[in-house]
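Residue numbers (the numbering used here): 51 to 902.
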C-alpha cells in the first residue's frame, strides 16, 4: 500500500506549475492538476495500490519545543487556498482515503501508520517530498518514494540508498538533522555544519550524543566551539526531526487495504477539466469508454437507431436540428476532401439516429438540405450546411479560448452526456446534438449568443468559400526570386565563414554562439539553457561590434523566407496555379483568424524581399486584386474604448495621428517637430496598451530610461482617458477574472492573480490589449460577412479571396474595380457607428504588391 504526504505534494505541485493554469471559467487549477497528475503517475509507474493521503492538522507539539519551528513558512497563497478544499474530494473520487489526526503533522501520522503496517507485515511505500522521512525506511517492509524537482521526478529509497546519499543509515537521520539542521522547517542545527560534516561526524562517533560527548576529539577549533555552544540546539533539532511513531491513529491497518469506489472519478476530473490525467486514468479503469460514459453520465440521451442509410435522411423533420458525424479515413481536419473511399456517417434528429455509408460528407450535407444542422468543425465537411444551426468546435472555442484544442471525443467525454443506440457513431451523433444544447445555454448565459449566431457561425461558410477559391501564384516569378536568394545565401555563407575563420552551421545557436562570443569575443548579452543567446534582439545589440553580425542577420532573414515561402509555395498550388490555405477560426485567444498549409498571415510587407514575394500573388488575365486595409484600427478602437476625446478628435479631423500625438507629448507645434519626435510618439501610441515600460521604450529608441519615462508620463497626461482605460481593464480582470470585447468575446486572465511579478505583468498586458485586439478581430469578421454579401450578386466576377490581419483581398474583373471598390469600403466602415469612424485604405493592381 501507499502512504502519501498530501500537504507536501500539493505544495510541491502548486509551486512547480504556472499559476495561469485554470479552467475555462477562470478557476485556478495548477495545484489540483499537479497533484492529480502525481497520483496517476504513481499508478502508471508503480501500479495501482490501496492508498492513504495524509494531511497536516497541527505541529505535533513541536512549537512548544521550539517556538521558531517552521516560522519561516509564509502563509498559504490565496490561489492555493482556493484549490485546497477541493483536493480531498478528488482523492476520494480516485478511490483513496483521506486521513489526518487533530494536532499532528502528516509526517508523524504517516510514521505511526507505517509502524502499524510494518507490524501487520504490509509492504508500504511512503510518498513525500520531505527527506527526514528516510528515518522510516525498513528494507523488508517500508521504502520512501521521494519526489524530486517538479511533479514528475521520483526516486525510491531503500536503506542502502539512504546510506549512499547521506553516509548514514535510516536510524541516524534524526541525528543528522540534529547536526546540520533544516532551513525549510527552521530547525537550527549547529552553525557551520552541513551534510558532509554531519555525516562524517556520525560515521566517526556513531550518534549525536556520542559526538557531543567527544567534542575534544573533533577537529577544528571553530567546529568544537560551535558544537559546545550549540549542543542544546543540536538536541532540540534532533527532537524536532524525530517523527512520532506512537500517535493514536485509531484504525486497523488491514482496513486500509482497499481501493474505494471510483464511480465519480470521471465526473470530478471533468469538473476540473483535467483532460490529460483523465485520459491516463481511463487506461487503468476496467470498463470500456462506452460503459464508462453510461455509468458516469450526467445526461442520458434517448435515441433509436435506424440503419437504413442515406435514403432515410429524407424522412427527418424539416425544422428540427439534426446532428451529423462522419468518419473519413486519413483525412486531416480542414483539408479539401478528394478521396475514393467509403465514408461512414451518422445523423441524429430528435430521438432518431441514422447510420450508413456514403461517397463523401458533402453527399450527406446535400441531402440534409435546409434543415438546421449541428456539426463539429462544419468546415471540414467539405461543404458547409446551408443552415448551420450550431458548430460545437466554435462553441467550445468561445467558451474556452485558452484551450489547446477542441477534439470532439474530448468534448463529449467531458460533457457527461451518454447515449446507447448500440452503434458508437450513432451515439456520437446523439451526444453531439445534446452537447450543442448544453453549449448554447452557456453561451446565452454569458451574453455571447449574438457573437455566436450572427458572426462566428455565418463566418464558417465564408471561410470555406475563401479556401475553395484560393489565390493565384505566379510560380515562375517566385522561381526567379528563389534563384536570386540562393545566390545571395551562398555568398553570405562564404563571407561569414571567411570572417569566422572556418565553416560552421550558421543555423545552430550553439555553434553560432561559440563563434560570436568565444572565438570573436563579442559582448555577451543573455545566457540561455544551452549557452549564450543569439536571438534577433541580441544580434541587434551587437550589430556594430563586428561586420559578421549584419551578414548573419541577413542570412537568417533570407533563409527563413526561403524555407517558409520560396521552397514551399510552388508545391502547394493546384492545376490553375492557385493556393488554397486553410483558415483556423478556433485558435487565437483574441479571436484573430490564422491560416495553415500555407500560412499566408505572415507574408512580409516591410522588407524588399517580402514585397517581391507579395508581388508573386497575382490576378488572372483580365482581372485585378483589390486590397482593402483598415487604417490604424487598433488606435481608433482604443480612442473609442477609452473614450479619449483628444485622440478621437485627431482621427475625426483626419490629422496624422503620430504627428498630432508628438505635438501634444512634446508641447511643440507640428512644424517644429522632426522625424525623431514622430517616431517616439508612434512607438508609444502602439505600445502603451501592450505594457510598454520605460525600459522597453528606452531600449527601442536608444534613449535613457528617464527620458523614456518622461515621454510615457507626458503621453498619459495628455491622453488621460487611456490611463483610465488601462486601469479599468486591469481592475475588471482582477474582479471578474476576464475581459471582453464590444461584442462580448471573452478571455479569462488567470495570470492577473499570480504571485510571480512577471506573470502578473503579463496578465495586466493581456487585460489591456485583449479588448482592443479582440474587438478588431470582431470588426474584421463582420466586415468579411458584409463584403461577402455585397459581392454575392457578382458571382465569380468579383469575390473575396483572402484575409490577412486587418486586410481583405478581393479578386474581380478589371472593368469592375471602380464599381466594387466603394461597395467594399462601405461594407467595412458601415458596420461601425461610434467615434472615431473607421477608415479603409484601398488599392488595386495586377499583383498583391501593387494593390497594397
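Note that CB positions come from ideal geometry on N, CA and C, so glycine has one too.
Boundaries (first-last residue) of the beta strand (DSSP E) holding residue 80
Per DSSP, residue 80 belongs to no beta strand (DSSP E); it is in the alpha helix (DSSP H), 80-96.
Might you give, ordered along the chain, the residues of its own chain that have their beta carbon closer than 8 Å to the beta carbon of residue 870, omitting 5 neighbours on each side?
When the five nearest sequence neighbours on each side are left out, the beta carbons in the same chain lying within less than 8 Å of the beta carbon of residue 870 are those of 676, 841, 844, 848, 860, 862, in order along the chain.
Bridge-paired residues (DSSP) for residue 52:
According to DSSP, residue 52 bridges with 101, 175.
Less than 8 Å between the CB of residue 411 and some heavy atom of the ligand FAD, yes or no?
Because no ligand of any kind appears in the structure shown, any question about the ligand FAD cannot be addressed here.
Local conformation of residue 761 per DSSP, three classes:
Residue 761 falls in the helix class under three-state DSSP.
Integer-rounded CB distance, given that residue 185 should sit under 8 Å from residue 293:
Sure, about 6 Å apart at Cβ, within 8 Å.
From the DSSP secondary-structure annotation, give me the bridge partner or partners of residue 629.
The partner list for residue 629 (beta bridge, DSSP) reads 521, 623.
Could you check how far apart the C-beta atoms of residue 519 and residue 668 are, in whole angstroms? I think they sit under 8 Å.
With 8 Å as the limit, residue 519 and residue 668 do not qualify as a contact, their Cβ atoms being about 14 Å apart.
Buried or exposed by the 16-neighbour rule on C-beta atoms within 10 Å, applied to residue 558:
Counting the other CB atoms within 10 Å of its CB gives residue 558 a total below 16, which places it among the exposed residues.
Straight-line CA distance for residue 562 to residue 584?
Within the model, the alpha-carbon separation for residue 562 versus residue 584 is close to 7 Å.
Burial state of residue 276, where buried means 16 or more other Cβ atoms lie within 10 Å:
It counts as buried.
Just the C-alpha distance for residue 393 and residue 413, rounded to the nearest angstrom, thanks.
Going by the C-alpha atoms only, they are around 10 Å apart.
According to the neighbour-count rule (16 or more other Cβ atoms, all chains shown, within 10 Å of its Cβ), is residue 230 buried or exposed?
Here residue 230 is buried: its Cβ has 16 or more other Cβ atoms, across all protein chains shown, within 10 Å.
Using DSSP's beta-bridge definition, name the partner residues of residue 206.
According to DSSP, residue 206 bridges with 195.
Are there three or more Cβ pairs, one per stretch, closer than 8 Å when the stretch 153-162 is compared with the stretch 192-206?
Output reads no: the stretch 192-206 does not touch the stretch 153-162.
Is residue 385 helix, strand or coil by DSSP?
Residue confidence for residue 385 is low, a pLDDT of 49 falling below 50, so the modelled location carries little weight; the figure read from the coordinates is stated next. Residue 385 falls in the coil class under three-state DSSP.
DSSP bridge partner residues for residue 440 (one or two, in chain order)
Looking at the DSSP assignment, residue 440 forms a beta bridge with 424.
Where the alpha helix (DSSP H) containing residue 705 begins and where it ends
Where residue 705 is concerned, there is no enclosing alpha helix (DSSP H), given that its DSSP letter is neither H nor E.
Can you tell me where the beta strand (DSSP E) holding residue 849 begins and where it ends?
Segment 848-854, the beta strand (DSSP E) holding residue 849.
Limits of the alpha helix (DSSP H) - the one that residue 321 falls within:
Per DSSP, residue 321 is one residue of the alpha helix (DSSP H) stretching across 315-321.
For residue 213, which of 204, 202, 188 has the nearest alpha-carbon?
A check of alpha carbon separations from residue 213 across 204, 202, 188 identifies 188 as the nearest.
Contact set for residue 272: own chain, Cβ-Cβ below 8 Å, skip 5 residues either direction
Apart from the 5 residues on each side of it in sequence, residue 272 sits with its Cβ closer than 8 Å to the Cβ of 242 in its chain, given in chain order.
Length of the line joining the Cα atoms of residue 636 and residue 427
Per the coordinates, the alpha-carbon of residue 636 lies some 10 Å from the alpha-carbon of residue 427.
Look at residue 771 and residue 888 and say whether their C-beta atoms are less than 9 Å apart.
The Cβ atoms of residue 771 and residue 888 lie no closer than 9 Å to each other.
Three or more C-beta pairs below 8 Å linking the stretch 533-545 and the stretch 602-609
Contact holds: three or more Cβ-Cβ distances are below 8 Å.
Kindly indicate which three-state DSSP category residue 735 falls into: helix, strand or coil?
Residue 735 falls in the helix class under three-state DSSP.
Please state the DSSP three-state secondary structure of residue 810.
Secondary structure at residue 810: helix, using DSSP grouped into helix, strand and coil.
Assign residue 436 to buried or exposed, taking buried as 16 or more other Cβ atoms, counted over all protein chains shown, within 10 Å of its Cβ.
Burial check for residue 436: the Cβ neighbour count within 10 Å stays below 16, so the residue is exposed.
Residue 877 burial status per 10 Å Cβ neighbour count (16 or more: buried)
Buried, because 16 or more other Cβ atoms sit within 10 Å of the Cβ of residue 877.
Report back the beta-carbon spacing between residue 865 and residue 642 to the nearest angstrom; my notes put them in contact at under 8 Å.
Not quite, the Cβ-Cβ distance comes to about 34 Å (not below 8 Å), so this is no contact.
Identify whether residue 895 lies in helix, strand or coil by the three-state DSSP scheme.
DSSP places residue 895 in strand when its eight states are reduced to three.
Using CA coordinates, which residue listed in 402, 447, 116, 366 is at the minimum distance from residue 282?
Between residue 282 and the set 402, 447, 116, 366, the nearest pair of CA atoms involves 116.
Measure from the alpha carbon of residue 438 to the alpha carbon of each residue in 400, 445, 507, 461, then state which is nearest.
Selection 400, 445, 507, 461 evaluated against residue 438 yields 507 as nearest (Cα-Cα).
Suppose you measure from the CA of residue 58 to the CA of residue 431; what does that come to, to the nearest Å?
Distance from the CA atom of residue 58 to the CA atom of residue 431, rounded to whole angstroms, is 50 Å.
My parser needs the alpha helix (DSSP H) runs of 4 or more residues fully inside the stretch 584-663; what are they?
For the stretch 584-663, whole alpha helix (DSSP H) runs of length 4 or above, ordered along the chain, are 586-591, 598-611.
Does residue 72 come out as helix, strand or coil in the three-state DSSP assignment?
DSSP, read as helix, strand or coil, puts residue 72 in strand.
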